[in-house]
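One structure below.
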Amino acid sequence: EAQVTQNPRYLITVTGKKLTVTCSQNMNHEYMSWYRQDPGLGLRQIYYSMNVEVTDKGDVPEGYKVSRKEKRNFPLILESPSPNQTSLYFCASSWTSGRETQYFGPGTRLLVL
Amino acid sequence: QQQVKQSPQSLIVQKGGISIINCAYENTAFDYFPWYQQFPGKGPALLIAIRPDVSEKKEGRFTISFNKSAKQFSLHIMDSQPGDSATYFCAASGSFGNEKLTFGTGTRLTIIP
Chain P
503 EAQVTQNPRY LITVTGKKLT VTCSQNMNHE YMSWYRQDPG LGLRQIYYSM
553 NVEVTDKGDV PEGYKVSRKE KRNFPLILES PSPNQTSLYF CASSWTSGRE
603 TQYFGPGTRL LVL
Chain E
76 QQQVKQSPQS LIVQKGGISI INCAYENTAF DYFPWYQQFP GKGPALLIAI
126 RPDVSEKKEG RFTISFNKSA KQFSLHIMDS QPGDSATYFC AASGSFGNEK
176 LTFGTGTRLT IIP
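Chains P and E are the protein sequences, given in the same order. Quick note on numbering: my numbering labels position 95 of the first sequence as 597, and the sequence is numbered without any gaps. Quick note on numbering: my numbering labels position 113 of the second sequence as 188, and the sequence is numbered without any gaps.
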């Protein structure tokens with residue numbers, strides 16, 4: 503089954519404790535991105551990757567890092583989480599760009615205390 | 076301007092009625108306008124999309140109306156059903172930058188019996 507998977511689905515952590523949210527897709531997509539969803543703000547892009555070893559900032563990259571060492575994986579790293587990063591995070595993938603159907607993962611709900 | 080403005084924030088419609096959600100944009104370089112549907116606990120999924128060479132696109136009970144001169148587009152759901160209750164996001168993208176999708180802030184639609 504074609505899908506985007508994220509882990510963990512729920513995470514409670516404390517300020518400053520490094521964490522990684524994994525994202526994997528099995529559709530051989532080149533384009534992957536991370537979004538955060540907050541009430542009243544919609545979905546905002548954090549980082550995106552157009553292919554292996556090619557990543558760039560989206561609209562709200564501060565406090566986040568990403569890597570793309572393999573085509574299928576695109577982890578999101580919070581090196582020193584803060585309460586303002588409490589949010590619902592989605593990974594998405596598409597064939598080559600944002601101007602195509604984006605396939606979203608199920609989401610990761612993060613609470614930073 | 077990269078913003079996409081979406082209204083209303085929430086909408087309650089009686090079963091069988093027409094649900095209408097509106098979006099407006101500023102950047103005339105946008106040329107791809109999708110709508111995503113999100114059920115609670117799930118990631119968004121593409122519902123329907125339009126490019127500006129047509130003024131309307133219909134898929135079953137869902138129709139996008141596009142007004143290029145007014146820089147507006149809307150989603151119409153005919154014969155609304157309780158199963159349509161979800162959050163709807165409009166979005167826009169263009170062949171510039173990273174071709175990323177810019178999302179609206181979302182509309183929570185509730186269909187009541």
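From the three backbone atoms N, C-alpha and C, an ideal C-beta is built for every residue, glycine too.
Query                                                                                                                                                              : Result
Would you say F38/E lies against chain P (beta-carbon separation less than 8 Å)?                                                                                   : Chain E is shown only over 76 to 188; residue 38/E falls outside these bounds and no answer can be derived.
In terms of residues, what are the limits of the beta strand (DSSP E) holding S140/E?                                                                              : 137-142
How would you list, in chain order, the residues of chain P whose beta-carbon sits under 7 Å from the beta-carbon of T180/E?                                       : G542, L543, G544
Would you give the residue range spanned by the beta strand (DSSP E) that G609/P belongs to?                                                                       : Run containing G609/P: none; DSSP gives neither H nor E here.
Between which two residues does the beta strand (DSSP E) harbouring N517/P extend?                                                                                 : Note that residue 517/P corresponds to Thr in the displayed sequence, not to Asn. Here T517/P belongs to no beta strand (DSSP E), and DSSP marks it neither H nor E.
Does F171/E pass the burial test, meaning 16 or more other C-beta atoms within 10 Å, or should it be called exposed?                                               : exposed
If we require 3 or more residues per run, which beta strand (DSSP E) segments fall completely within the stretch 518-596 of chain P?                               : 521-527, 533-540, 544-553, 556-559, 578-580, 589-596
So, for P510/P: in the same chain, excluding its five sequence neighbours on each side, which residues have a beta-carbon less than 8 Å away from its beta-carbon? : V523, T610
Would you list, in chain order, the members of the stretch 117-140 of chain E that have their beta-carbon closer than 8 Å to a beta-carbon of chain P?             : K117, G118, P119, A120, L121, A124
What does DSSP give as the partner residue(s) for E134/E in the beta ladder?                                                                                       : F137/E
If you draw a straight line from the C-alpha of Y550/P to the C-alpha of Y533/P, how long is it?                                                                   : 7 Å
Closer than 8 Å, Cβ to any Cβ of chain E: which residues of the stretch 512-528 of chain P, in chain order?                                                        : none
Decide if K175/E is buried, meaning its Cβ has at least 16 other Cβ atoms within 10 Å, or exposed.                                                                 : buried
Spell out whether any CB of chain E is found under 8 Å from the CB atom of G565/P.                                                                                 : no
Restricting to Cα atoms, I'd like to know which of N142/E, M153/E, G91/E is closest to F108/E.                                                                     : N142/E
If I measure Cβ to Cβ from D128/E and keep anything under 6 Å in the same chain, skipping five residues before and after, which residues do I get?                 : none
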